[in-house]
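Heads up: the structure comes next, in structure tokens.
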Amino acid sequence: MTSNAGRFVPRAVALFIDLVLIGALTSLLAGLFGVDSHGALASLVSWLYFASQESSGWMATVGKRLMGLVVQGVDGRQLSFGRASLRWAARWLSSLAMGLGYLLALFNERRQTLHDLIAGTVVTQRS
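The numbers in my numbering rise by one with no breaks, and the one at position 29 of the sequence shown is 867.
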């Protein structure tokens, strides 16, 4: 599993790409619907973006696909929408304390972040 585990830098680049796309989509929707406060809308867009794509047949967001990564259960199976939603919600915990939950990926064999450990998921390099 170690050799196929998604490395930290490609995962970080994928997240950056995804956040740019989410920001653009949130701004577009806010403009179309006249939403003044972007916080709730950004959370909704982020959840639907990550959960729908990571539970799809692609098993990856746009950023992860571009970086050759997939998200799967530790058993190797495709995520359900519910499990992908749990992973998304647990991501908030990874972000606490200046992102320390993300740094866990540097210190374990499967390179799992805190939200991966909570959801029972792993990011791997597409073979």
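Think of the CB as a built atom: it goes at the ideal place given N, C-alpha and C, for glycine as much as any other residue.
Boundaries of the alpha helix (DSSP H) harbouring residue 864: 846 to 871, taken from the DSSP string. The criterion of a C-beta distance shorter than 8 angstroms is satisfied by residue 873 and residue 879. The beta-carbon separation of residue 932 and residue 953, rounded to 5 angstroms, stays under the 8 angstroms limit for a contact.
Counting along the chain, the unbroken beta strand (DSSP E) around residue 963 starts and ends at 959 to 963. For the pair residue 907 and residue 851, the Cα-to-Cα distance works out to about 11 angstroms.
Listed in chain order, the beta strand (DSSP E) elements of length 3 or more contained wholly in the segment 904 to 942 are 907 to 911.
Within its own chain, the residues whose Cβ lies closer than 8 angstroms to the Cβ of residue 846, once the five positions on either side in sequence are excluded, are 943, 944, 949, listed in chain order. Taking C-beta atoms as the reference points, residue 855 and residue 887 fail to come closer than 8 angstroms.
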